[in-house]
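Colleague:
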Amino acid sequence: MSSAVVCLLVTYSLMMTARASSAPLDSVFGALLVPDQGSECTPVKLGYEVGDTHVAFPRGCYNSKDGHKIFPKNSVVNLRDDIDWGRWIFDGSAKQIIVMCAKIALQRGDPMFGVEFFGECYTGAQPDLSQGQVTPADGCIRFCSNDVGASGSTFVYDLYEWYTQ
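Next comes the structure, spelled out in structure tokens:
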């Protein structure tokens, strides 16, 4: 079992405990999540609450160069027109687009999604990670800022069910 899975299970357990005790949870919360692929980029430690039943945890930021896409090209939904750039600058977060993309993935029945070029939402069952994870030499911050991919990169998320009534 990978370290990311072990950490996710611990986090999942803590979230369930907090929900059961009616403790207030923000829609963005800390998680001890480590990238599976051995990236030297600083791991993102945020999970995004998606409605009342799911959470999106980051897998990492991956290269998508030369027309290669992490998820099928026909799965794309362009959310760039929905970006509130002023809010991104103020909050320093792309939560709005990440949650919108997660909801699209859930509607399609896909367990994973990715955000490329700030607001292009891709969904699927299994990403093609053959071009590898973005590394410090590639420019982690330049390509992975705000938990979304920029041009030439896709920030990939796993969706997990975390609460049912």
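When the letters of the sequence shown are read in order and numbered with mature numbering (1 follows the signal peptide of the UniProt record, and there is no 0), they come out as residues -22 to -1, 1 to 143.
C-beta: ideal position from N, C-alpha, C; glycine also.
What three-state label does DSSP hand SER123 in the structure shown?
Modeller: helix
Colleague: Excluding the five sequence neighbours on either side, which residues of its own chain have a C-beta within less than 7 Å of the C-beta of SER53, listed in chain order?
Modeller: TYR100, THR101, GLY102.
Colleague: By alpha-carbon positions, which one of GLY25, ASP136, ARG58 ends up nearest to GLU94?
Modeller: ARG58
Colleague: How would you call ARG120, buried or exposed, if buried means at least 16 neighbouring beta carbons within 10 angstroms?
Modeller: exposed
Colleague: By alpha-carbon positions, which one of LEU24, THR31, PHE49 ends up nearest to SER131?
Modeller: Ranked by how close their Cα comes to the Cα of SER131, the residues LEU24, THR31, PHE49 have PHE49 in first place.
Colleague: Straight-line CA distance for TYR26 to TRP140?
Modeller: Annotation: TYR26 to TRP140 spans about 11 Å, alpha carbon to alpha carbon.
Colleague: Roughly how many angstroms lie between the CA atoms of ALA1 and ASP116, to the nearest whole one?
Modeller: Note that ALA1 scores a pLDDT of 34, beneath 50, so its modelled location is shaky; the value from the coordinates is reported in the next line. Each residue's alpha carbon lies about 40 Å from the other.
Colleague: If you draw a straight line from the alpha carbon of VAL28 to that of ALA80, how long is it in whole angstroms?
Modeller: 7 Å
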